[in-house]
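The listed protein sequences derive, respectively, from chains A and U. Start counting at 1 in the first sequence, then tack on 45, and there's your number in my numbering. Note that my numbering gives residue 283 to position 290 of the second sequence, counting from 1, and the numbers run on in steps of one. Note that beta-carbon positions come from the ideal geometry of N, C-alpha and C, so glycine has one too.
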Amino acid sequence: MSAEIFSIVTFIYGLSVILYVAAWVFKKSFLGGLATWVTVAGAAGNGAGLVFRWIESYQMGIGHAPLSNLYESLVFFSFSLAGIYLFIEFRYKMKSIGVAASPLFFLAMAYASLPKVNSGIQPLIPALQSNWLIAHVITCFLGYAAFAVAFGTSLMFLVKPVDGRPGTGIIGLIPDSDILDDLTHQMVMFGFLFLSLGIITGSVWANQAWGRYWGWDPKETWSLITWLIYASLLHARLMRGWQGKRIALLSCLGFIAVIFTYFGVNLLPGLHSYQ
Amino acid sequence: MRDKSDSGGMLDGVWRFFASVRLTVAVLLSLAVTSIIGTVIPQNMTPFLYLRSYGEGLYRVFDALDMFDMYHSWWFRFLLLILVVNIIICSINRLSATWKIIFPKTPVFPVVRLKQAKHKETWQVADSPESVKNRFLSYIAKNYRTHEVQPEKDGFLILAEKGRWTRLGVYAVHFSVLLMVLGGLIGSLLGFEGFVNIPEGESAARIRLITGNAEKDLGFLIRCNDFDISYYENGMPREYRSNISLVKDGNVLVTKDIRVNDPLRFAGVNIFQSSWGRTPGKRFKVVFTEESSGVTYESEASLGEEVQVPGDKGVLILDDFKSEFSFKGVNLGGVFIGRLALKDQEPTNVLLPVEFPRFDRMRRGEHVISVSDLAYSYYTGLQVTRDPGVPVVYVGFVLMIIGCYITFFMFHQKVCVAVIEKDGQTQVAVSGILGKNRPGMAAVAKQLSNRLKHLR
Ligand code: HEM
């Protein structure tokens, strides 16, 4: 059941990407309205799918929140990203950010559908049997999602001409640099709070399971690296000459670290007590 | 900021260096970049493994730079020290200025700036300025810390302020970083972390520490009464559970079932379920099956003992047992590792998985060797830690979150509600400024004006 819902959601998100781009290029407001509603439908389906998957796991007798492996985390990531994006769109009444944000939640769902990502509902191994799992995964991924939106706004900032001219063609449709800069800052603050919460809940959990709150294993360390990059971004804003472009670049660098924390760490040598 | 006139000394230059945000960005980014090293080079392994991966030359260089335990190296700690000094000096430097903002001797409203602020909400009301005054004032008095009314031509201004104290949030964040570093220091000075494997029914008093090759006496015995593993239907592990007792001078202090995520904590010492293993019973049977005829020969054996190959063809010695062994990505479970010395042949290694008796066919020998009648005894792998720094770190955690929330989402706001009569109509304008030039004033102005509009 949830599996079918998720494939439909992937398709719907693909449609939102097309609609946001079309609305932007053709400057048609009905396309923009449609894009929003399609995305709302996708996000609702995404959330409902998670609830169904949760119920299914109980029906299988191995009930647990759908946050326990790569597949489930990607689906949840997509959901948080679409949710945060819609919140921003609603609050700032700006649809052009959707051009940068919708590919991100579409790609996360599309990646989850690849055959190499195991989509089965598996029981929880002993190390994951903890209520901290839910708090940890939700906070981390809300943080990642906010950083992803910040990445989108930073990219738009970077492709906009620097001299403040409105620009021509499609580039000219990008929102004001000031607004983008503000949005990036807001998203980074939100993300920083949630990444801090994610790292902290992870630490408390590790202390519960292994008797140490910090062990410098690659995943922990990469989350700290990400955190340090965003901390330096928050301070770089206070330095003269560091507003704008350099902040946008730091935000992109931070997001690369997010991606590496998420996917790349599996490429590194590491030790875990239980596989 | 310090006054320029008392500068000039070298001390002042050093002070300014350590108070600068430029240094903060440099140190935070340096910590980020150097931390990568320890995720690429596995940490705290034996020199033998490093020598094999990196070769003699590179090994020496890495070793000299403490790359194999970099998070505890002098240079990484030095970076942390600079961060700490930076935070302390920067906070001292700014606190007096922040204090003056929070507790001003004579609070003043920057009326001109407030009236000309970028984000403004305006609307009109049917009543006269005087008739809305009391309504507005009682709302403002309830929701703002301080306010005052200034008469204007044809009307008045209500000036109000709240959230001065939120400027302290950032000090909470910075102080929390100090607490975490301090807690980490306390843990590394006064705490320990070690492992011990205890077979079912046996006890241990000493653990092996993870740093150095040292052992530590706990001052009591840990006895493993029972160890159990259970599995899900698909073979994935469901639960590891050890029933352990702490025993001192023959008295049982405490007994508990410990599981992953459910440790035993006693008198500051924490005992965690960390791993498990099994050892083969003392005696078992080695079975030789002749490939050509299917005839089997059995001999009694034990670890390290010579076993004669049937027909006096040579000897087999089983040296070692591993309770979990992966071969080409397949988990074979428990395996024996042995040496087979057949007459007139080079000795070869053999791998005998207990659960796969035909595995040895791969060797294409005259006999297929397997092990049977094996009884296991299980041992539990416990992690034993003590860390008096944890409470300090946890206070840091809480402070970090509260501080971040205050700094990011609560504002020091000053607002101005201008009520002016113009052409027989009453115009209301709400504008304001947020401390630290935060974005979000538009939202604040909109919210306040909505509230004021709907007052009765
Ligand atoms: C790991 C270490 C640190 C963390 C996590 C941290 C965190 C923060 C955060 C979250 C903010 C708020 C940023 C914003 O308003 O957008 C901030 C502001 C600030 N930090 Fe840090 N910080 C750290 C180290 C330092 C150090 C070493 C200094 C020393 C110069 C420093 C100086 C400042 C200053 C001056 C501000 C601005 C305060 C204000 O807006 O009134 N920080 N810091």
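Item: Expected contact under 8 Å - CB spacing of Asp366 of chain U and Phe277 of chain U to nearest Å; Value: 5 Å
Item: Proximity test, His405 of chain U beta-carbon vs the ligand HEM heavy atom, cut-off 7 Å; Value: no
Item: Stretch pair the region 334 to 344 of chain U + the region 143 to 156 of chain U: three plus CB contacts closer than 8 Å; Value: no
Item: Extent of the continuous beta strand (DSSP E) run through Phe329 of chain U; Value: 328 to 335
Item: Cβ neighbours of Val240 of chain U in the same chain (closer than 6 Å, five flanking residues each side left out); Value: Leu214, Arg216
Item: Own chain, CB closer than 7 Å to Tyr290 of chain U, minus 5 neighbours either side, in chain order; Value: Phe281, Pro303
Item: Proximal residues of chain U, C-beta to C-beta of Leu269 of chain A below 7 Å; Value: Ser28
Item: Residues near Gly247 of chain A by beta carbon distance below 6 Å, same chain, minus five either side; Value: His181
Item: Residue nearest to Arg9 of chain U in terms of C-alpha spacing, selected from U:Asn37, U:Cys83, U:Leu51, U:Gly50; Value: U:Cys83
Item: Sub-8 Å separation of Ile133 of chain A and Leu228 of chain A beta-carbons; Value: yes
Item: Residue-chain proximity (Gly256 of chain A, chain U), Cβ-Cβ < 8 Å; Value: yes
Item: Length-filtered (3 minimum) beta strand (DSSP E) runs lying within the region 90 to 145 of chain U; Value: 113 to 118, 139 to 145
Item: Where Ala276 of chain A meets chain U, residues with beta-carbon distance less than 8 Å; Value: Leu21
Item: Span separating the alpha-carbon of Ile399 of chain U from that of Leu225 of chain A; Value: 23 Å
Item: Arg87 of chain U Cβ short of 7 Å to the ligand NAP heavy atom set; Value: With respect to the ligand NAP, the structure shown offers nothing to examine, as its ligands consist of the ligand HEM.
Item: Length at least 3, wholly inside the region 211 to 293 of chain U: the beta strand (DSSP E) runs in chain order; Value: 230 to 241, 244 to 252, 257 to 259, 262 to 273, 277 to 283
Item: Check whether Ser113 of chain A and Leu178 of chain A have beta carbons under 8 Å apart; Value: yes
Item: Closer than 8 Å to chain U by CB, Pro111 of chain A; Value: no
Item: Residue from U:Ser424, U:Tyr43, U:Lys407 whose Cα sits closest to the Cα of Val101 of chain U; Value: U:Lys407
Item: Interface positions of the region 194 to 219 of chain U facing chain A (Cβ-Cβ less than 8 Å), listed along the chain; Value: none
Item: Delimiting residues of the beta strand (DSSP E) encompassing Ser222 of chain A; Value: No beta strand (DSSP E) holds Ser222 of chain A; the alpha helix (DSSP H) holding it covers 222 to 255.
Item: Contact with chain U by Leu115 of chain A, beta-carbon distance below 8 Å; Value: no
Item: Residue range of the unbroken alpha helix (DSSP H) whose run includes Ser181 of chain U; Value: 162 to 183
Item: 8 Å Cβ cutoff met for Thr184 of chain A and Met232 of chain A; Value: no
Item: Met60 of chain U CB to nearest heavy atom of the ligand HEM below 7 Å; Value: no
Item: Continuous alpha helix (DSSP H) stretch holding Lys155 of chain U: start and end; Value: No alpha helix (DSSP H) holds Lys155 of chain U; the beta strand (DSSP E) holding it covers 148 to 155.
Item: Continuous beta strand (DSSP E) assignments of at least 3 residues falling wholly in the region 350 to 410 of chain U; Value: 360 to 365, 369 to 379
Item: Beta carbon of Ile310 of chain U nearer than 8 Å to that of Arg332 of chain U; Value: yes
Item: Any non-hydrogen atom of the ligand HEM closer than 7 Å to Cys397 of chain U Cβ; Value: yes
Item: Cutoff 8 Å: Met46 of chain A Cβ touching any chain U Cβ; Value: no
Item: According to DSSP, residues forming a beta bridge with Ile200 of chain U; Value: U:Lys209
Item: Ala276 of chain A beta carbon near the ligand HEM (any heavy atom closer than 7 Å); Value: yes
Item: Spatially closest choice to Ala198 of chain U from U:Glu186, U:Leu72, U:Gly374, U:Lys209, by CA coordinates; Value: U:Lys209
Item: Contact set between Arg15 of chain U and chain A, taken where Cβ atoms lie within less than 7 Å; Value: Met284
Item: Identity of the residue in U:Leu44, U:Val7, U:Ile191 nearest Asn86 of chain U by Cα; Value: U:Val7
Item: Heavy atom of the ligand HEM within 7 Å of Ala90 of chain U beta-carbon; Value: no
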